Ligand SMILES: [Zn+2]
């Protein structure tokens with residue numbers, strides 16, 4: 008109903024670009040677990056829905072993928088987005104398993120690490136439109152920085168499991184060539200790690216509706232700016 012209402016009151020401009028907003032993970036395998044025990048999938052679903060609303064307000068068309076939690080195949084996601092002009096995968100971040108510490112929350116032992124925080128963006132050089140993917144990742148990163156968010160940068164660290172080279176350090180963009188959804192998307196594609204949910208403070212920020220709205224509006228604005236350009 009929410010989507011129907013938005014479509015009814017905010018019609019997309021004729022010829023507007025269509026953005027596929029992909030909710031990372033699914034109910035059975037919900038990704039990372041936050042410092043207080045909430046599955047990443049739920050964070051992704053909240054933020055993706057906000058990004059969809061913000062993008063529609065800017066006149067973009069949208070397609071929300073995996074919102075029901077049953078999209079278990081990664082290639083099913085990019086197949087569903089085959090006609091979209093852009094693919095944006097929405098995720099929340101963790102750290103390498105060997106950096107995890109434990110604490111007690113609500114009488115349950117939980118896993119956390121407070122050393123890293125911030126967003127990061129990934130593009131694949133195996134995507135058919137790497138130039139536009141990178142330009143849009145940079146535009147999203149710049150818009151996020153403009154809205155007060157800070158890139159995490161630790162994915163470039165020379166430690167096991169990381170080593171993701173910078174594509175645009177200032178805007179928090181890395182190359183991650185073998186990410187399935189990025190390399191199988193027919194359109195330009197970017198993966199957003201919106202924040203580090205094993206970080207106890209960042210988890211609270213990521214759960215705040217105000218922060219979600221501010222982040223979604225920056226992501227949509229960056230995308231809209233980039234999609235309006237010719238490549
Ligand atoms: Zn994820």
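Numbering (the numbering used here), first residue to last: 8 to 238.
Here a beta-carbon is modelled for each residue, glycine too, at the ideal position from N, C-alpha and C.
Bear in mind that the values here come from a model prediction, so they are computed numbers and not experimental data.
Leaving aside the five residues before and after residue 116 along the sequence, list all residues of the same chain whose C-beta is less than 7 Å from its C-beta, in chain order.
109
Is the beta carbon of residue 169 within less than 7 Å of some heavy atom of ligand 1?
no
Can the beta-carbon of residue 99 be found closer than 8 Å to that of residue 129?
no
Looking only at its own chain, which residues have a Cβ that is under 7 Å from the Cβ of residue 15, when we skip the five neighbours before and after it?
Low local confidence applies: a pLDDT of 49 at residue 15 is under 50, so the model's placement there is unreliable, and no value is given.
Residue 139, buried or exposed, once every other Cβ within 10 Å from all chains shown has been counted against 16:
buried
As an exercise, report each continuous beta strand (DSSP E) stretch of at least 3 residues that is fully enclosed by the region 88-130, in chain order.
93-100, 108-112, 115-119 and 127-130
To which residues of the same chain is residue 154 closer than 6 Å at the C-beta, ignoring the five residues directly before and after it?
221 and 225
From residue 197 to residue 143, what distance separates their C-alpha atoms?
8 Å
Would you say the beta carbon of residue 47 comes nearer than 7 Å to a heavy atom of ligand 1?
yes
When you compare the CB positions of residue 146 and residue 237, do they come within less than 8 Å of one another, or not?
no
Can you tell me whether residue 204 is buried or exposed, with buried defined as 16 or more other CB within 10 angstroms of its CB?
buried
Residue 5: CB within 7 Å of a non-hydrogen atom of ligand 1
This structure leaves residue 5 out entirely; the chain is present only between 8 and 238.
Looking at ligand 1, does it come within less than 7 Å of residue 31, judged from the CB to the closest heavy atom?
yes
Would residue 208 be called buried (16 or more neighbouring beta carbons within 10 Å of its own) or exposed?
exposed
With the cut-off set at 8 Å, would you say residue 192 and residue 181 are in Cβ contact?
no
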